[in-house]
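The working numbering applies: residue 62 is where the sequence shown begins, and numbers increase by one. Have a look at the structure below before the remarks.
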Amino acid sequence: MDAGISWTSLATDLAIAQFYPGVTPHPARPVEALGGTQDHGTLRGAAPTAPWTKIFGGDGGFTAIDAENPDVWYGEAQWPNGPFKNGRYVRSGIDRNDRAAFIPPFVMDPVDSRRLYFGTQSIYRTENSANNWVRIYSSPRRATVRAIAPAPSDENTVYASIVRTRPIDLSRIVFTHDGGLTWEESELGLRAPRYIGDLAVHPDEADQAYAVVGGFGTGHVFQTTDGGRTWRDRTGNLTDHPVNAVLYDPENPDGIYIGTDLGVFHSPRGGDSWDMLADGFPTVAVFDLAVAPGTGRLVAATHGRGMFEIPIDVPLTARVRPEAVNDTVLLGVDQQLNGRVIVAPHGRADYRAGWTAAVSGSAPWLALTSNRGIGQGRGRFTYSIAASELTPGDHEAAMEVWVSGVSDAMTIPVRVHAAAPRGHMALARHETRESVLVYDTEPFEDSVAVAFEGAQAATVEWRATQPGNSQWLDLRNDSGVGEGFVTWTVDPDSIDVGTYTERVVVEASLATGSPAALVYTLSVEPPLSVSALRAVPSYGLSGWSFVSVDSISAGLAGFGADSATWTASSTSEWLAIERGGGGHEDPIVWTRSSESLDPGVYEDTVTIRVDGRPDLVGFIVDRFQVVPPMTVEDAAHHLLGLERLETGQESFLDWFGNRDEVFNAGDVLKWLDHCTIGEGSGCERLPGDVRQERREPG
C-alpha cells in the first residue's frame, strides 16, 4: 500500500465478453465454440478454462461451422462489412449499399450446410458455401431483416422478422413455403412497436414456429401452428422483460428455452408456464441459445458474462433431404438428370455415425454416382437418372439409407415421368439493362418473347417465375401455351438509389432449352450532377521549357450522365485546355507551362459546363507552385547531403519524380530519364559525378 502511487491490475481472467446473437458450438469438438462479440471481434473458445482467441476483428456477429466439413467456418463483421468464410469476405452478389442492422442475421440451414442466408433490407441465399449469393426477398421500403429461421424439415420454408423504421420499430413476420418464390406477411398483434429478435422452427413440423419480442409492456413469446399466418401469445407467467432468443428443447420438442435480459427460462409444454434456470447462472442478459446435440451441449451466450453451457442427451436419429424425388426426363435427347441427397444424423455422437445408401430393387436408370453411398456424420451422396434407360411413361424406384445406431432405414421414393420433347424453347433476349431517375419515374411495362420450334411446339406449356421476388418487378403474364410473351411491370418509385438485379426464369417441362432466364438489371440513379469543386496541386520549375500535362474526369454523375456532354474553359496564359469538350467518359485534359513564370504560387480555375443545363457548373482549381531553377546536379548533391534546396524544390522533385511523398534517388532517375529528350532548364548539363545508366532486364 503506497497511497495510490502505484497500482496492480486485478483485471485478469474476467469472463465478461459481450456476445452478440449467432454463437456456434462446434459440432464435433466438445469444448470448442465460435461467437461474435461487441468491439472484440469473433472469438474461438477451445477449452472451458482457457482464454478465447480472436480470429477476426471489428464487431463480431453471427457465426456458423460446416457440419460436413468442420474446417470451414463462417462469421461476419458489422455492416457494411458482411460475411466471411475462414477469415475471407464472401460477399459476391450482396449489395453493400443495402440498409441493414448493425449486426445483420447470418444463418446456416440446419440440414444443408452449403446453404446459408444473410439479411439486409433483403434476404440473400447461397447454395454453394457462400461463393455467390442470390436475393430471394426484398423488404418494403425503410425495412430491414432482423432474424432468419429456415425449417429443418422442409427446405422450402423460411421465416424471418423485419423492422420498419416508419412507423417506428413496426415489426412483422414474413415467411415462404415455396423456397422464396412467394412471401406472406403477418403480425403478432403487439400493442406497441417492439422488436422481434429471434425465431425458431419446430424440428419436424415446418408449420410450427416461435417468435420472441424485446421491450416491455407487450407479450414476449408467440407461437404459430399454421405456417406463420396467425400467432398465439405464450408469454403466460413470464415476468414483463425483454426476450432475446428462443430454442426448441433438443431433448423434448414440446419444450422451449428462451434467453432473456434476466437469464434463461424453460417451458416443458411450449409456453404459458416458465421456470428460470438459476442454478449456477447469473442474472444477465442472454442474447443467444445454441445446441450441439452430437457433443451433448446447450450453450447460452450472454452480453457481459461470457458463455455458459449445460449438458444434454439427445438420442440419435437421422433425416435425409430430399425425402422424395419427383422429376421429368425427356426421351430422344442425350439427357441425364443429376441430384444429391444429404444425410444428417442428429443426436448423441452424430458426427461419427456411419451410414450407407443403395438403390432399392431393380432400376437400371437410377444409379448412385459418388462416395459409393458411404459416409460418416453429416454428408451427401449424388445420384443420376439416365433417360436412355427409360421408356415413355411413369417409373418408380427407391433409395435407402441406413445410419449406424438408428434402427430403421430411411426410404427415399423416386418417381420419374419420361416423355418425348414437344419442342425447343428459346427467349428473344437474355439480358436487359434499364436506368431510371430516383423517385421520379412512373411504372412501365416490359416483356420478352418466348418461342418454340418443333412439330408440337404449339402445345408446350410454360411458366415464368422471378426467384428474387423483387417488389419493384411484378410479373403480369407468367404462363402460356406455345409461343407468347412474359410481361411484367417495373415500379422503381419504391426503391432508393442503387443497382438492382432480378431474374425472370421460364420453364417448360416438355421442351429442350428449358429453363431459360433473362437477367434484368435496374439502375436507380440520382439527378444529373457535376462535381462542384475539386483541387489539383501541381509544380513547375521557373524558366523550364517542359510542358506538364494533367487530366481528370469531367465529374458527371447521375441519371442521364451517359448521354450528357460538357465544355471546359480557363483564363490563364500558363494553363491551356487541350480537350475542352466531350462526353461522360471523356476526361478534361490541360497543360501547364512555367517557362515565363517567376517563382511563386499561381491558381487558375477550369470551369465545366454541362451542355443544355446552365444550372450545372463545376470547377477545378489548379494550384501551380513554381519553384526556383535548379539542375540535376543540384538535386544529386542534395540527395548526397552536400547542399540544401530551397523551400518547395523538394516537393517539386518528388511530384515530377516517383510521387512517393519522399525525395529520393528515384526522383533523380526520373529527371535523368526526362533529360534524355533534352528538354527543361535542368537538362542543360550532366555533372561528371552523376551518370545515367540503362540496363536491360536480367
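Note that the Cβ used here is the ideal one computed from N, Cα and C, for glycine as well. Since the structure is predicted, the reported quantities are computational estimates derived from the model, not experimental observations.
Between which two residues does the beta strand (DSSP E) carrying residue i extend?
i: H19; result: With the chain covering 62 to 759 only, the question about residue 19 has no answer from this structure.
i: Q79; result: No beta strand (DSSP E) holds Q79; DSSP gives it neither H nor E.
i: F369; result: M368 to P372
i: L427; result: L427 to L429
i: E245; result: E245 to S247
i: P474; result: M471 to A480
i: I613; result: V608 to S614
i: V650; result: P648 to S654
i: R537; result: L534 to N538
i: M169; result: F167 to M169
i: P598; result: L594 to L602
i: N305; result: V304 to Y309
i: Y444; result: G440 to A447
i: G96; result: A94 to T98
i: F505; result: F505 to E514
i: E664; result: G661 to V671
i: W627; result: T626 to S630
i: Y318; result: I317 to T321
i: S67; result: Careful: S67 lies outside any beta strand (DSSP E) and carries neither H nor E.
So, helix, strand or coil for residue i, using DSSP?
i: T181; result: coil
i: G434; result: helix
i: A458; result: strand
i: I738; result: For I738, the predicted model reports a pLDDT of 45, less than 50, meaning its position is unreliable; a value from the coordinates is still stated below. Coil at I738, not helix or strand.
i: A253; result: coil
i: Y500; result: coil
i: P213; result: coil
i: Q686; result: strand
i: W716; result: helix
i: S555; result: helix
i: A405; result: strand
i: E266; result: coil
i: P758; result: Note that P758 has pLDDT 32, beneath the 50 cutoff, so the model's placement of it is unreliable and the number below is only indicative. Correct three-state label for P758: coil.
Verify the contact flag: residue i, CB atom, against every heavy atom of the ligand ATP, threshold strictly below 7 Å.
i: E544; result: As far as ligands go, the structure on display features none, and thus does not contain the ligand ATP.
Report the residue from the options whose alpha carbon sits nearest the alpha carbon of residue i.
i: L498; options: A267, A385, N725 and S590; result: S590
i: G280; options: D268, G250 and W140; result: G250
i: V566; options: S606, V511, Y600 and V475; result: V511
i: Q527; options: D557, E495 and T562; result: T562
i: S222; options: V274, S214 and G154; result: V274
i: L338; options: G365, E370 and I66; result: E370
i: N538; options: R524, I319, V347 and V386; result: R524
i: A577; options: A489, G367 and E664; result: A489
i: D159; options: Y198, G365, R295 and A107; result: Y198
i: H101; options: W533, G367 and A107; result: G367
i: W335; options: D63, V347, I319 and T344; result: I319
i: H238; options: P211, V682, F442 and G619; result: P211
i: T286; options: D268, M169, R295 and A272; result: D268
Please look up how many angstroms separate the CB atoms of residue i and residue j, rounded, as I've assumed it's under 8 Å.
i: P329; j: P264; result: The Cβ separation is near 16 Å, so there is no contact.
i: I373; j: V404; result: Their Cβ separation, rounded to whole angstroms, is 22 Å, which puts I373 and V404 out of contact at 8 Å.
i: H456; j: V477; result: 5 Å
i: R653; j: G601; result: 6 Å
i: T766; j: E506; result: With the chain covering 62 to 759 only, the question about residue 766 has no answer from this structure.
i: G709; j: R196; result: About 54 Å; that fails the 8 Å criterion.
When you compare only the Cα positions, how much space is there between residue i and residue j?
i: P82; j: F283; result: 19 Å
i: M486; j: L95; result: 49 Å
i: T321; j: N305; result: 5 Å
i: F179; j: P141; result: 12 Å
i: D340; j: G324; result: 11 Å
i: R564; j: R175; result: 22 Å
i: F80; j: Q99; result: 6 Å
i: N130; j: R439; result: 9 Å
i: I738; j: E137; result: Because I738 sits at a pLDDT of 45, beneath the cut-off of 50, its placement in the model cannot be relied upon, and the following sentence gives the value as read from the coordinates. Going from the Cα of I738 to the Cα of E137 covers about 55 Å.
i: V467; j: G408; result: 10 Å
i: A472; j: S183; result: Per the sequence shown, the amino acid found at residue 472 is Thr instead of Ala. Their Cα atoms are separated by approximately 37 Å.
i: A622; j: E586; result: 10 Å
i: D156; j: S592; result: 25 Å
i: P88; j: D554; result: 46 Å
i: S624; j: R595; result: 23 Å
i: V650; j: G641; result: 7 Å
i: E656; j: L677; result: 35 Å
i: T430; j: F442; result: 7 Å
i: N193; j: P171; result: 19 Å
i: W426; j: A470; result: 22 Å
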